[in-house]
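*Asks:* Have a look at the structure that comes next, please.
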Amino acid sequence: MPPKNSLGKGLGAMFPDLLNHIGDRPSFVQCGIEELIPNRFQPRRNFNDEDQKELVASVKKSGIIQPILVRKADNGYEIIAGERRWRAAQTAGLKEVPIIIRKAEDRELAELSLIENIQREALNPIEEAEAYQTLLTRFSLSQEEISARVGKDRSTIANTVRLLKLPEAARKALTGKKISAGHARALLALEQPGEQISALKIIQQRDLNVRDTERLIRKLKKAPDKKKPGRKDPYLTDLERELSSQLLAAVRIHAGKKAGTIEIRYTNGEELNRLVRLLLG
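Written out as structure tokens, the structure reads:
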């Protein structure tokens with residue numbers, strides 16, 4: 001297993017077997033650009049940012065300087081690392097690109113894609129979280145193993161994955177840079193998606209920073225329930241009415257977050273006996 005502080009040392013420091021014996025064969029070969037296919041585990045979704053535009057301009061001027069790392073596929077080659085360069089080469093109109101061919105299993109493919117993007121700081125928090133989730137679920141890596149691969153604390157991995165629990169509106173705000181990861185983590189302190197969305201609207205309307213957001217969340221969590229006793233779910237109200245009609249007695253349903261009680265009222269012993277006989281058939 002590579003050392004935990006390997007982030008920033010390059011892919012060879014973390015996967016030495018992948019680059020072993022590089023001197024025993026040509027360092028790279030030229031490949032038709034149409035022979036390459038994207039990495040199926042590529043965590044990055046957006047390739048149209050300013051950095052990519054700058055890379056396209058560089059490729060037009062100087063070509064591809066660093067070869068693209070690939071593995072053989074059924075038809076052509078699958079990219080292990082360097083998809084940004086490949087896409088830039090396409091946009092720049094190149095017909096061929098330099099490649100290095102190596103063997104790699106699916107898990108290595110997913111790990112390398114994640115590590116390369118983290119090194120380049122190319123992923124938004126949700127893309128990074130989804131990549132960690134793939135390693136956790138599909139490849140059964142532990143958070144400690146992922147931590148060793150990417151050089152980040154286990155707690156950082158756990159907190160990033162938790163972002164996937166956010167409602168869609170909050171996730172879009174995060175990927176769209178309307179809020180930061182700090183805002184998003186603060187929202188997770190609220191239990192219900194509806195509460196999180198309401199808080200998100202306040203954050204955006206007031207342009208709150210992370211510290212102010214944390215104060216807002218604490219205040220919302222301490223706030224008493226503003227629902228009036230008489231305001232109840234219409235479905236429960238109708239159900240109370242129907243049960244009261246069937247039993248000829250007042251019925252009240254008290255619903256909690258997960259469980260609740262049904263209360264049947266009686267006024268004397270005779271009515272109690274009638275209800276018992278009715279309930280017991």
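In the working numbering, the protein residues as written are 1 to 281. For every residue, glycine included, the Cβ atom is placed at its ideal position computed from N, Cα and C. Since the structure is predicted, the reported quantities are computational estimates derived from the model, not experimental observations.
What would DSSP say about Ala189, mapped onto helix, strand or coil?
*Replies:* Three-state DSSP puts Ala189 in coil, outside helix and strand.
*Asks:* Where do the ends of the alpha helix (DSSP H) carrying Gln214 lie?
*Replies:* Rather than Gln, the amino acid found at residue 214 in this sequence is Glu. Segment 210-222, the alpha helix (DSSP H) holding Glu214.
*Asks:* On the premise that Leu109 lies in contact with Ile80, defined as a C-beta separation below 8 angstroms, what is that separation, rounded to the nearest angstrom?
*Replies:* Between Leu109 and Ile80 the Cβ distance is about 6 angstroms, and since that is below 8 angstroms, they are a contact.
*Asks:* Leaving out five residues on either side along the sequence, give the residues of the same chain with a beta carbon under 8 angstroms from the beta carbon of Gly93.
*Replies:* Result list for Gly93: Lys60, in chain order.
*Asks:* Where does the unbroken beta strand (DSSP E) through Tyr77 begin, and where does it stop?
*Replies:* Segment 77-81, the beta strand (DSSP E) holding Tyr77.
*Asks:* Quick one: Cα of Ser180 to Cα of Ile118, how far?
*Replies:* For Ser180 and Ile118, the distance between alpha carbons rounds to 17 angstroms.
*Asks:* Can at least three beta-carbon pairs, one atom from the region 143-154 and one from the region 190-199, be found at a separation below 8 angstroms?
*Replies:* Taking 8 angstroms as the limit for Cβ pairs, the verdict is that the region 190-199 does not touch the region 143-154.
*Asks:* Could you pull the start and end residues of the beta strand (DSSP E) that Lys152 belongs to?
*Replies:* No beta strand (DSSP E) holds Lys152; DSSP gives it neither H nor E.
*Asks:* According to the neighbour-count rule (16 or more other Cβ atoms, all chains shown, within 10 Å of its Cβ), is His183 buried or exposed?
*Replies:* By the neighbour-count rule (16 or more Cβ atoms within 10 Å), His183 is buried.
*Asks:* Mind checking who Gln30 pairs with in its DSSP beta bridge?
*Replies:* Its beta-bridge partners are Pro98.
*Asks:* Around the C-beta of Arg277, are 16 or more other C-beta atoms found within 10 angstroms, so that it is buried, or is it exposed?
*Replies:* Under this definition Arg277 is an exposed residue.
*Asks:* Locate the beta strand (DSSP E) running through Thr261, then write down its first and last residues.
*Replies:* Where Thr261 is concerned, the enclosing beta strand (DSSP E) stretches over 260-264.
*Asks:* Using a Cβ distance threshold of 8 angstroms, determine whether the region 240-258 contacts the region 205-224, with at least three qualifying pairs required.
*Replies:* No, because fewer than three Cβ pairs between the region 240-258 and the region 205-224 fall closer than 8 angstroms, the two stretches do not touch.
*Asks:* In this structure, does DSSP put Ala181 in helix, strand or coil?
*Replies:* Helix, per DSSP.
*Asks:* Val70 bridges to which residues according to DSSP?
*Replies:* The partner list for Val70 (beta bridge, DSSP) reads Ile79, Ile101.
*Asks:* With distances taken from CA atoms, which of Pro125, Tyr77, Ala89, Pro98 is nearest Ala104?
*Replies:* Considering only alpha carbons, the answer is Tyr77.
*Asks:* Between the Cα of Lys72 and the Cα atoms of Ile101, Lys172, Glu96, which residue gives the shortest distance?
*Replies:* Nearest of Ile101, Lys172, Glu96 to Lys72, Cα basis: Ile101.
*Asks:* Should Pro43 and Glu127 be called a contact, given that it needs their Cβ atoms to be closer than 8 angstroms?
*Replies:* In this structure, Glu127 lies closer than 8 angstroms to Pro43 by Cβ.
*Asks:* Measure from the alpha carbon of Glu263 to the alpha carbon of each residue in Lys257, Glu270, Leu272, Ile253, then state which is nearest.
*Replies:* Among Lys257, Glu270, Leu272, Ile253, the Cα nearest to that of Glu263 is on Ile253.
*Asks:* Alpha carbon to alpha carbon, how far is Leu236 from Gly256? Give it in angstroms, no decimals.
*Replies:* Roughly 12 angstroms between the two C-alpha positions.
*Asks:* What does the alpha-carbon distance come out to for the pair Ala129 and Glu96?
*Replies:* Those two C-alpha atoms are separated by around 34 angstroms.
*Asks:* In angstroms, rounded to a whole number, what distance separates the CA positions of Gly176 and Asp74?
*Replies:* Whole-angstrom Cα-Cα distance: 37 angstroms.
*Asks:* Relative to the alpha-carbon of Ile202, which residue among Leu216, Leu166, Leu190 has its alpha-carbon at the smallest distance?
*Replies:* Considering only alpha carbons, the answer is Leu216.
*Asks:* Nearest by alpha-carbon distance to Ile68: which of Val29, Leu114, Thr91 is it?
*Replies:* Looking at the Cα atoms, Val29 is the closest of the given residues.
*Asks:* Relative to the C-alpha of Asp106, which candidate in Asn124, Thr134, Ala88 has its C-alpha closest?
*Replies:* Cα-wise, what sits closest to Asp106 is Thr134.
*Asks:* Between Val251, Glu270, Arg85, which lies nearest to Thr261 when the distance is taken from Cα to Cα?
*Replies:* When only C-alpha atoms are compared, the closest one is Val251.
*Asks:* Who does Leu36 pair with in a DSSP beta bridge?
*Replies:* Answer is Tyr77, bridged to Leu36.
*Asks:* State the Cα-Cα distance for the pair Pro167 and Leu114, rounded to the nearest angstrom.
*Replies:* Approximately 24 angstroms between the Cα atoms of the pair.
*Asks:* Counting along the chain, where does the beta strand (DSSP E) carrying Ile64 start and finish?
*Replies:* Here Ile64 belongs to no beta strand (DSSP E), and DSSP marks it neither H nor E.
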